[in-house]
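Heads up, the sequence shown is in full-length UniProt numbering, so the first residue is 1 and it goes up one at a time. From the three backbone atoms N, C-alpha and C, an ideal C-beta is built for every residue, glycine too. Fair warning: this is a prediction, and the values are worked out from it, not measured in the lab. Just below is one structure, and these are the notes that go with it.
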Amino acid sequence: MKVGIIGCGSIAKFRHAPEYKANKFVNEIVFYDRNIERARNLADMFDGQTAPSIEELLADPSIDMISDCSSNEQHHLITTKALLSGKHVLCEKPISLTIEHAKEIVDAQKLSGKKLMVDHNQRFTRAHQKAKEIILTKELGKVLTFRTTFGHAGPEHWGVNKSNSTWFFKKERSGLGVAGDLGIHKVDLIHYLLDDEIASVSAFQGSLDKVNENGEPIEVCDNIVCSLKTKKGRLGTASFSWTYYGEEDNSTIIYCEKGIIKIYNTNEYQIEVITKDGEKVFYQLENIQTNDNQTTSGVIDAFIKCIQLDEDPLVTGEDALSSLKVILGIIEAAESNSVVTI
Ligand SMILES: NC(=O)c1ccc[n+]([C@@H]2O[C@H](COP(=O)([O-])OP(=O)(O)OC[C@H]3O[C@@H](n4cnc5c(N)ncnc54)[C@H](O)[C@@H]3O)[C@@H](O)[C@H]2O)c1
Numbered sequence: 001m002k003v004g005i006i007g008c009g010s011i012a013k014f015r016h017a018p019e020y021k022a023n024k025f026v027n028e029i030v031f032y033d034r035n036i037e038r039a040r041n042l043a044d045m046f047d048g049q050t051a052p053s054i055e056e057l058l059a060d061p062s063i064d065m066i067s068d069c070s071s072n073e074q075h076h077l078i079t080t081k082a083l084l085s086g087k088h089v090l091c092e093k094p095i096s097l098t099i100e101h102a103k104e105i106v107d108a109q110k111l112s113g114k115k116l117m118v119d120h121n122q123r124f125t126r127a128h129q130k131a132k133e134i135i136l137t138k139e140l141g142k143v144l145t146f147r148t149t150f151g152h153a154g155p156e157h158w159g160v161n162k163s164n165s166t167w168f169f170k171k172e173r174s175g176l177g178v179a180g181d182l183g184i185h186k187v188d189l190i191h192y193l194l195d196d197e198i199a200s201v202s203a204f205q206g207s208l209d210k211v212n213e214n215g216e217p218i219e220v221c222d223n224i225v226c227s228l229k230t231k232k233g234r235l236g237t238a239s240f241s242w243t244y245y246g247e248e249d250n251s252t253i254i255y256c257e258k259g260i261i262k263i264y265n266t267n268e269y270q271i272e273v274i275t276k277d278g279e280k281v282f283y284q285l286e287n288i289q290t291n292d293n294q295t296t297s298g299v300i301d302a303f304i305k306c307i308q309l310d311e312d313p314l315v316t317g318e319d320a321l322s323s324l325k326v327i328l329g330i331i332e333a334a335e336s337n338s339v340v341t342i
């Protein structure tokens, strides 16, 4: 298989390109970035080629699939075009910045008949898959409440432009601030783990600490905390932050009728189960991918497998659209100081 990667920044360098390179079915990667230097760097690093334009990349009949690793505001343009050019697409999250644009992508997928997967990679970690398995056995009874958080020191330490002028801080490009960057991962995870959907939300947000290149507070939230209620009546809290300095927190706790499942709550064990009578069971699985520790996510292998076997991807466009709706609802709730029904 031959792959095209559009957008040659950090996620392309640390996840997509190495995982395609490691997949035995991929024989060539073609890189495109509107900053040609970045495309050349990755082509050198991963023994690939560069394309002169998106149009030429998408017109190449030998390319089977595309990773859309561009910035958030570009996804609906690039992913839609790639699908309608007959390519399978792995689109980075968030699927887009608006419901209308996400629907455009979902419609393009249906029209094209090609595979579309969105990179909500939290579904693929062993601990999250094991936690889902534990919930499904019902040994801990029904899920009643949950608590989830995702925070790190901020995208100005991660993106290819490591400065306060990063697009992640710009309203028109990142759109949703930390909510769309980190929060959407956990919304998708809660939907997946609980086989449920968040139905109403309230929230507070702030631009508490991050400043742009002129020293002014950034235009999007760097912190957001929310209360959530699901369709099946579960209650939860969530906090998402770009100001967890010193250590990342990527943990989720699920409280059930007969015990608790703590996921990524300690460094030593990825899951700790505590039963009602105090018994503890620890699971040592694999560490979650963090900005500083990019282990293999499994997303690329899963994407290729679903193409080869003609199966539905684990994260569909519709899944990504429903998580986007929740994030837009959370931001609306914070801005309007009200409870929003999704
Ligand atoms: N799934 C995850 O865990 C995860 C982690 C980090 C980032 N991401 C997502 O990946 C995407 C990229 O993030 P990043 O951290 O790599 O950002 P980045 O700033 O490091 O890289 C983005 C690259 O895209 C290029 N680009 C933007 N628009 C383009 C266009 N129209 N044509 C060609 N190239 C274009 C830029 O020049 C830049 O090189 C974002 O949507 C982000 O939310 C996902």
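- Thinking C-beta only, is residue 223 closer than 9 Å to residue 150? The answer is no: Cβ separation not under 9 Å.
- Task: Please report the Cβ distance between residue 99 and residue 325, rounded to the nearest whole angstrom; I am assuming they are in contact, meaning their Cβ atoms lie under 8 Å.
- Result: The C-beta distance from residue 99 to residue 325 rounds to 6 Å, short enough to fall under 8 Å.
- From residue 86 to residue 47, what distance separates their C-alpha atoms? The straight-line gap from Cα to Cα measures roughly 25 Å.
- Under three-state DSSP, which class holds residue 152? Looking at residue 152 - three-state DSSP - the assignment turns out to be coil, as it is neither helix nor strand.
- Query: By the 10 Å Cβ neighbour count, where 16 or more other Cβ atoms means buried, how is residue 264 classified, buried or exposed?
  - Reply: Burial call: buried.
- Message: Less than 9 Å between the C-beta atoms of residue 57 and residue 6, yes or no?
- Response: Using a Cβ distance threshold of 9 Å, residue 57 and residue 6 count as a contacting pair.
- Query: According to the neighbour-count rule (16 or more other Cβ atoms, all chains shown, within 10 Å of its Cβ), is residue 144 buried or exposed?
  - Reply: Residue 144 sits exposed, since fewer than 16 C-beta atoms from the chains shown fall within 10 Å of its C-beta.
- How many angstroms separate the CA atom of residue 117 from the CA atom of residue 110? CA-to-CA, the gap between residue 117 and residue 110 works out to about 13 Å.
- Item | Beta-carbon proximity list for residue 202, same chain, < 6 Å, skipping 5 on both sides | Cβ within range, chain order: 227, 333, 339.
- Item | ligand 1 heavy atom lying under 8 Å from the CB of residue 165 | For ligand 1, not one heavy atom lies less than 8 Å from the Cβ of residue 165.
- Item | DSSP-derived helix/strand/coil call for residue 244 | Correct three-state label for residue 244: coil.
- Query: Would the beta-carbon of residue 77 be found less than 8 Å away from any heavy atom of ligand 1?
  - Reply: Within the cutoff, so yes.
- What are the boundary residues of the beta strand (DSSP E) that residue 106 is part of? Following the DSSP letters along the chain, one finds residue 106 in no beta strand (DSSP E) but inside the alpha helix (DSSP H) bounded by residues 99-112.
- What residue ranges within the region 27-65 form continuous alpha helix (DSSP H) runs of no fewer than 4 residues, ordered along the chain? Counting only runs of 4 or more, we get 36-45, 54-59.
- Query: Is residue 148 buried or exposed, if buried means 16 or more other CB atoms sit within 10 Å of its CB?
  - Reply: Result: buried.
- Task: Count the CB pairs spanning the region 243-258 and the region 151-160 that are closer than 8 Å, and state whether there are at least three.
- Result: With a cut-off of 8 Å, the region 151-160 and the region 243-258 count as touching, because enough Cβ pairs lie within range.
- Item | Alpha-carbon to alpha-carbon, residue 172 and residue 35 | Here the alpha carbon of residue 35 sits roughly 19 Å from the alpha carbon of residue 172.
- Item | Test item: CB-CB of residue 348 and residue 230 under 9 Å | Absent from the model: residue 348. The displayed extent of the chain is 1 to 342, so no value can be given.
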